[in-house]
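Here the sequence shown is numbered in the numbering used here, starting from 3 and rising by one per residue. Here's the structure, in structure tokens; my notes come after.
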Amino acid sequence: MSKRNAVVAVASVLLIAVVAVAVLLPVPYVTMRPGPTRDVLAMGAGKQVISIDGRKTYPTEGSLRLTTVSVTSPGDSVGIAEVVRAWIANDEAVIPRDAIYPPSKSAAESEQESATQMADSQDVAAAAALRLLGEDVTEHAVVAAVSDGAPADGVLKVNDVIVGVDGTRTATAADTVAAIRDRSIGDTVQLTIRRGDQQQRVRLATTGLENPETGKRFPAVGISPGVAYDLPIDVQITLSGGIGGPSAGTIFALAIYDELTPGALTGGISVAGTGEVSADGVVGPIGGVQQKVVGAAEAGASIFLVPAANCTEALGADVSPGDITLVRVEDLGSAVKSLEALADDSAAEVPTCG
């Protein structure tokens with residue numbers, strides 16, 4: 003081999019090595035693609051996905067599918083080749099990693115947060131469905147988490163119900179936070195709590211925490227407040243597959259409403275959708291709506307319920323015209339009205355995206 007050829011050969015090997023390293027080197031992005039759907043009116047793991055005790059239920063038809071996205075897991079990374087492939091694909095998205103997994107949280111914390119959001123969404127969905135039916139559902143502020151080493155550590159426990167702060171009743175988590183933050187750092191606050199059947203008062207000195215966005219410090223006792231609901235029925239939702247997040251709330255609420263009312267809400271067709279729901283029935287926006295629309299179309303759904311705030315984005319989903327109708331949803335009541343209208347007449351005029 004000539005000297006020149008040897009140099010070319012070595013350079014080629016080095017170039018290949020550099021390209022290989024560049025392709026395999028992790029980049030600060032995650033990919034998002036259509037995930038599986040689940041019919042929450044069907045059987046799952048040998049039993050109904052949604053089971054209700056304490057109230058008469060009615061048989062139904064059709065399907066109500068929650069939709070998901072498959073996102074790079076918090077413990078994994080992607081290389082340039084994967085990012086380029088996902089960027090080219092019409093039904094996938096590339097997102098900055100920090101937008102999905104904040105660097106301040108570990109992989110385990112991100113996964114736990116997602117699981118907690120899913121569990122909370124089920125309780126909220128039941129409350130929303132019952133309120134739509136005219137039921138009186140009372141909510142309470144509860145202790146969702148206690149920070150290690152905080153004033154509340156060893157004093158308060160997860161699921162303690164917070165009845166009041168300094169003698170003033172606090173019905174919601176927001177009320178509790180506002181009452182504590184109305185004090186000065188170092189002040190002592192008295193919390194009235196209910197643990198099981200026992201009500202008691204505890205006194206805690208506030209400590210200062212920094213707001214990462216403003217840099218300002220505010221008084222706190224080291225708890226994460228949550229919300230619990232006094233439901234007149236027992237609702238159990240059984241899902242497999244590690245599905246997390248709050249975005250199935252709207253579909254859960256519609257399924258609960260469907261089972262508690264005569265007739266089939268869907269009219270026997272396949273309906274899919276997404277959207278976080280509040281206890282008052284307001285449907286909020288979520289992420290990955292384009293991928294969810296694609297997943298729903300692939301699963302055979304003919305109707306997709308879209309949170310109003312996601313409509314513009316949903317119109318960009320990689321589906322053929324006529325494959326699936328995007329129904330615009332502001333709240334749970336409007337979703338029910340649209341589905342009832344379509345059940346009576348598949349050509350009925352209902353609010354849509356676009």
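Where a beta carbon is used, it is the ideal one built from N, C-alpha and C, also for glycine. Since this is a predicted model, take the numbers as computed values, not measurements.
Three-state class that DSSP yields for residue 112 in the structure shown: For the purposes of this step, residue 112 is taken as the residue at position 110 of the sequence shown. Judged by DSSP in its simplified three-state form, residue 112 adopts helix.
How about residue 40 and residue 72: do their beta carbons lie closer than 8 Å? Residue numbering aside, residue 40 sits at position 38 when the sequence shown is read from its first letter. Residue numbering aside, residue 72 sits at position 70 when the sequence shown is read from its first letter. In this structure, residue 72 does not lie closer than 8 Å to residue 40 by Cβ.
Could you tell me the distance, in whole angstroms, from the CA atom of residue 167 to the CA atom of residue 177? By one-based count along the sequence shown, residue 167 stands at place 165. By one-based count along the sequence shown, residue 177 stands at place 175. Taking the CA atoms as reference points, residue 167 sits about 9 Å from residue 177.
Flag this pair as yes or no: are the beta carbons of residue 276 and residue 258 separated by less than 8 Å? Reading the sequence shown from its first residue, position 274 is the one you call residue 276. Reading the sequence shown from its first residue, position 256 is the one you call residue 258. Cβ distance not < 8 Å, so residue 276 and residue 258 don't count as in contact.
Roughly how many whole angstroms lie between the Cα atoms of residue 170 and residue 123? The count along the sequence shown starts at 1 and reaches residue 170 at position 168. The count along the sequence shown starts at 1 and reaches residue 123 at position 121. Answer to the nearest angstrom: the Cα atoms are 28 Å apart.
Taking all protein chains shown into account, decide if residue 94 is buried (16 or more other Cβ within 10 angstroms of its Cβ) or exposed. Counting from 1 along the sequence shown, the entry for residue 94 is found at position 92. It counts as buried.
Report the residue ranges of all alpha helix (DSSP H) runs contained in full by the region 138-217; include only those spanning at least 4 residues, in chain order. Listed in chain order, they are 175-183.
Could you round the C-beta distance between residue 191 and residue 158 to whole angstroms and report it? I think they count as a contact, below 8 Å. What you label residue 191 is simply residue 189 of the sequence shown in a count that begins at 1. What you label residue 158 is simply residue 156 of the sequence shown in a count that begins at 1. Wrong, their Cβ atoms sit about 12 Å apart, outside the cutoff.
Thinking just about the alpha-carbon of each residue, which of 246, 269, 301 is nearest to the one in residue 278? Numbered from its first residue, the sequence shown carries residue 278 at position 276. Cα-wise, what sits closest to residue 278 is 246.
May I ask you to report which of helix, strand or coil DSSP gives residue 77? In the sequence shown, counting from the first residue as 1, residue 77 sits at position 75. Residue state, collapsed to three classes: coil.
Residue 189 beta carbon less than 8 Å from that of residue 221: Against the sequence shown, residue 221 aligns to sequence position 219. Against the sequence shown, residue 189 aligns to sequence position 187. The answer is yes: Cβ separation under 8 Å.
C-beta contact flag for residue 361 and residue 337 at 8 Å: The chain is shown from 3 up to 356; residue 361 falls before or after that span and cannot be answered.
Quick check on residue 66: does DSSP put it in helix, strand or coil? As a position in the sequence shown, residue 66 is number 64, starting the count at 1. In this structure, residue 66 counts as strand in the three-state DSSP scheme.
Backbone secondary structure at residue 307 - three-state DSSP: Along the sequence shown, read from residue 1 onward, the residue named residue 307 stands at position 305. Of the three classes helix, strand and coil, the one that applies to residue 307 here is strand, per DSSP.
I think residue 280 touches residue 126, with their Cβ atoms under 8 Å apart; what is that distance to the nearest whole Å? Indexing the sequence shown from 1 puts residue 280 at position 278. Indexing the sequence shown from 1 puts residue 126 at position 124. 7 Å between Cβ atoms; contact.
Residues sharing a beta bridge with residue 324, DSSP: Counted from its first residue, the sequence shown places residue 324 at position 322. Answer is none; residue 324 lacks a bridge partner.
Please confirm if the region 227-236 is in contact with the region 134-149, defined as three or more CB-CB distances below 8 Å between the two stretches. Three or more beta-carbon pairs separated by less than 8 Å link the region 227-236 to the region 134-149, which places the two stretches in contact.
Residue 88, enclosing alpha helix (DSSP H) - first and last residue: The residue given as residue 88 occupies position 86 in the sequence shown. DSSP places residue 88 inside the alpha helix (DSSP H), whose first and last residues are 82-90.
Contact set for residue 210: own chain, Cβ-Cβ below 6 Å, skip 5 residues either direction: Within the sequence shown, numbered from 1, the residue matching residue 210 stands at position 208. 187, 219.
Relative to the C-alpha of residue 184, which candidate in 112, 266, 208 has its C-alpha closest? The residue given as residue 184 occupies position 182 in the sequence shown. Between residue 184 and the set 112, 266, 208, the nearest pair of CA atoms involves 208.
Answer with buried or exposed for residue 348, where buried requires no fewer than 16 other C-beta atoms within 10 angstroms of its C-beta. Against the sequence shown, residue 348 aligns to sequence position 346. Exposed is the call here.
Going by CA-CA distance only, name the one from 100, 199, 262 that's closest to residue 133. Translated into positions along the sequence shown, residue 133 becomes position 131. Each of 100, 199, 262 was checked against the Cα of residue 133, and the nearest Cα belongs to 262.
Which first and last residues belong to the alpha helix (DSSP H) in which residue 291 is found? On the sequence shown, position 289 is the one that residue 291 refers to. Its alpha helix (DSSP H) spans residues 291-300.
Per DSSP, residue 124 is paired with what? The sequence position of residue 124 within the sequence shown is 122, counting from 1. Paired residue(s): none; residue 124 is not in a bridge.
Under 8 Å between C-beta atoms of residue 85 and residue 33: On the sequence shown, residue 85 is found 83 positions in, with the first residue counted as 1. On the sequence shown, residue 33 is found 31 positions in, with the first residue counted as 1. Their beta carbons are under 8 Å apart, which means residue 85 touches residue 33 by this criterion.
Run of the alpha helix (DSSP H) containing residue 338, from where it starts to where it stops: By one-based count along the sequence shown, residue 338 stands at place 336. Per DSSP, residue 338 belongs to the alpha helix (DSSP H) from 334-346.
If you run the structure through DSSP and keep just helix, strand and coil, what is residue 281? Numbered from its first residue, the sequence shown carries residue 281 at position 279. Residue state, collapsed to three classes: coil.
Range covered by the beta strand (DSSP E) that runs through residue 314: Taking the sequence shown and counting its residues from 1, one reaches residue 314 at position 312. Counting along the chain, residue 314 falls outside any beta strand (DSSP E), though it belongs to the alpha helix (DSSP H) covering 313-316.
Reduced DSSP category for residue 260 - H, G, I as helix; E, B as strand; rest coil: On the sequence shown, residue 260 is found 258 positions in, with the first residue counted as 1. In the displayed model, residue 260 falls within a helix according to three-state DSSP.
Taking the continuous alpha helix (DSSP H) assigned at residue 232, which residues delimit it? Here residue 232 refers to the residue found at position 230 of the sequence shown. From DSSP, residue 232 is part of no alpha helix (DSSP H) but of the beta strand (DSSP E) over 225-232.
What's the C-alpha gap between residue 62 and residue 332? Residue numbering aside, residue 62 sits at position 60 when the sequence shown is read from its first letter. Residue numbering aside, residue 332 sits at position 330 when the sequence shown is read from its first letter. About 24 Å.
As assigned by DSSP and simplified to three states, the class of residue 55: The residue given as residue 55 occupies position 53 in the sequence shown. It is a strand residue.
Keeping to the same chain, check which residues put their C-beta closer than 8 Å to that of residue 316; ignore five residues upstream and five downstream. Mapped onto the sequence shown, residue 316 falls at position 314. So the qualifying residues of the chain are 291, 292, 295, 306, 308, 328, 355.
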